[in-house]
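Participant:
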Amino acid sequence: MNTQIIACSNQKGGTAKTTTCVNLGIGLARAGKKVLLVDRDPQGSLTISRGNPQPDKLPFTLSDAMGRILTDQPVRPGKGILRHSEGVDLMPENIPLSGMEVSLVNAMSRETILRQHFETVKRQYSHIIVDCQSSLGLLTVNALATANSVLVPVQAEYLPAKGLEQLLQTINKVRRQINPKLKIDGILLTMVDSRTKFCQRNRRSAAGELRFQDQSLCF
Ligand SMILES: Nc1ncnc2c1ncn2[C@@H]1O[C@H](COP(=O)(O)OP(=O)(O)O)[C@@H](O)[C@H]1O
Ligand SMILES: [Mg+2]
4 MNTQIIACSN
14 QKGGTAKTTT
24 CVNLGIGLAR
34 AGKKVLLVDR
44 DPQGSLTISR
54 GNPQPDKLPF
64 TLSDAMGRIL
74 TDQPVRPGKG
84 ILRHSEGVDL
94 MPENIPLSGM
104 EVSLVNAMSR
114 ETILRQHFET
124 VKRQYSHIIV
134 DCQSSLGLLT
144 VNALATANSV
154 LVPVQAEYLP
164 AKGLEQLLQT
174 INKVRRQINP
184 KLKIDGILLT
194 MVDSRTKFCQ
204 RNRRSAAGEL
214 RFQDQSLCF
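Under our numbering, the first residue of the sequence shown is numbered 4, with each subsequent residue one higher.
1. Based on Cα-Cα distance, which residue from I9, T18, M4 lies nearest to Y161?
2. Roughly how many whole angstroms lie between the Cα atoms of E168 and D92?
3. Is the separation between the beta-carbon of R43 and that of A146 shorter than 7 Å?
4. Using 8 Å as the threshold, is the region 117 to 132 in touch with the region 29 to 43, meaning 3 or more CB pairs across them?
5. Are the region 23 to 34 and the region 111 to 128 touching, with three or more C-beta to C-beta distances below 8 Å?
6. Under a Cβ-count criterion, where at least 16 other Cβ atoms within 10 Å of its own Cβ denotes burial, should T50 be classed as buried or exposed?
7. Just list the alpha helix (DSSP H) runs in the region 138 to 202, keeping only unbroken ones of 4 residues or longer that don't cross its boundaries, in chain order.
8. Rank V108, N151, M111, Q136 by C-alpha distance to the C-alpha of K125 and give the top, closest one.
9. Which complete alpha helix (DSSP H) runs does the region 45 to 116 hold, if anything under 4 residues is left out?
10. With the cut-off set at 7 Å, would you say G47 and S137 are in Cβ contact?
11. Is any heavy atom of ligand 1 found at a distance shorter than 6 Å from the C-beta of G166?
12. Can you grab the Cα-Cα spacing for the pair P183 / F63, in whole Å?
13. Go through its chain and collect everything with a Cβ distance to V155's Cβ below 6 Å, but skip five positions before and after it.
14. How many Å lie between P2 and R53 at the Cα?
15. Count the other C-beta atoms from every protein chain shown that fall within 10 angstroms of the C-beta of P56, then say buried if there are 16 or more, exposed otherwise.
16. With H, G and I counted as helix, E and B as strand and the rest as coil, what does DSSP make of A19?
17. Over the uninterrupted beta strand (DSSP E) stretch that includes A10, give me the two end residues.
18. Quick check: the Cα distance between Q203 and S197, rounded to an integer number of angstroms?
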């Protein structure tokens, strides 16, 4: 199966990354796709949203898998993945992932640990959607290094749109140095109240902020 890996990323918190991942995943599953949602946020919001109120009690999560890869131990394909009746599987996460960022600093191939992990599971899925944490650290770089494309949810307000410059710089750097095929799927304006002039104006300002070479990506 030709798997589409989509990273949902914005270093700003509260821009509806997790909400977008859940809804996109369920929408794709309803369209008959086989979807894996991956929680890359130590807060475990995606894990909680998918019906696991206590992520810290889960026996095996993404950070455990990454820890095993870092120490050259085998990971059984699919270990830790939670199956769901809606046809959207979940690779859960919890607090230990925040410690993983520190462990990655001195690791060999530290930007591609997630890519190595996905190699073992991706053929089972048509789409893998990665919910990134609100930062541009190594965990996010790992997601961008393995993704085919990145989707950027951003609130239709002035400062969140301004903050995109930093994210775009990171995406361009990952493209240049690790993953030249990384595409930007688009800027997804979230929590839009199109009745207000404020929102209409900021929609234009977000579009203007994003000078993606020849692509028009704001939707
Ligand atoms: N379209 C929307 N309308 C109202 N509230 C929303 C909408 N989308 C997301 N939210 C709420 O905004 C908050 C932040 O969303 P979340 O997906 O957790 O953002 P992030 O993952 O970027 O931190 C959550 O409480 C979520 O329920
Ligand atoms: Mg989130």
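Here a beta-carbon is modelled for each residue, glycine too, at the ideal position from N, C-alpha and C.
Facilitator: This is what the structure holds:
1. In the sequence shown, counting from the first residue as 1, residue 161 sits at position 158. It is T18 whose Cα lies nearest to the Cα of Y161.
2. Residue 168 sits at position 165 when you count from the first residue of the sequence shown. Residue 92 sits at position 89 when you count from the first residue of the sequence shown. Near 33 Å, if we compare the C-alpha coordinates of D92 and E168.
3. As a first step, residue 43 must be located in the sequence shown, where it is residue number 40. As a first step, residue 146 must be located in the sequence shown, where it is residue number 143. Yes; because the gap between Cβ atoms is below 7 Å, this pair is in contact.
4. Yes, since at least three Cβ pairs between the region 117 to 132 and the region 29 to 43 fall closer than 8 Å, the two stretches touch.
5. Touching, no, given that fewer than three Cβ pairs across the two stretches are closer than 8 Å.
6. Your numbering for residue 50 matches position 47 in the sequence shown. Buried, since its Cβ has 16 or more Cβ neighbours within 10 Å.
7. If only uninterrupted alpha helix (DSSP H) runs of at least 4 residues are considered, those enclosed by the region 138 to 202 are 141 to 149, 161 to 165, 167 to 180.
8. Indexing the sequence shown from 1 puts residue 125 at position 122. Relative to the Cα of K125, the nearest Cα in the group V108, N151, M111, Q136 belongs to N151.
9. Entirely contained in the region 45 to 116, the alpha helix (DSSP H) runs reaching 4 residues are, in chain order, 48 to 52, 65 to 73, 99 to 108.
10. Position 44 of the sequence shown, counted from the first residue, corresponds to residue 47. Position 134 of the sequence shown, counted from the first residue, corresponds to residue 137. Contact: no.
11. The residue labelled residue 166 in the question sits at position 163 within the sequence shown. Answer for G166: no, Cβ out of range of ligand 1.
12. Position 180 of the sequence shown, counted from the start, is the residue given in the question as residue 183. Position 60 of the sequence shown, counted from the start, is the residue given in the question as residue 63. So the two alpha carbons sit approximately 32 Å from each other.
13. Locating residue 155 in the sequence shown gives position 152, counting from the first residue. Spatial neighbours of V155 in its own chain (CB-CB distance under 6 Å, excluding positions within 5 residues in sequence) are listed in chain order as N13, I190.
14. It is not possible to answer for residue 2, since the shown part of the chain is limited to 4 through 222.
15. As a first step, residue 56 must be located in the sequence shown, where it is residue number 53. Exposed.
16. The residue you call residue 19 lines up with position 16 of the sequence shown. Residue state, collapsed to three classes: coil.
17. Sequence index remark: in the sequence shown, residue 10 carries index 7 (1-based). Here the beta strand (DSSP E) through A10 covers 7 to 11.
18. By 1-based counting over the sequence shown, the position of residue 203 is 200. By 1-based counting over the sequence shown, the position of residue 197 is 194. Computed Cα separation, rounded: 6 Å.
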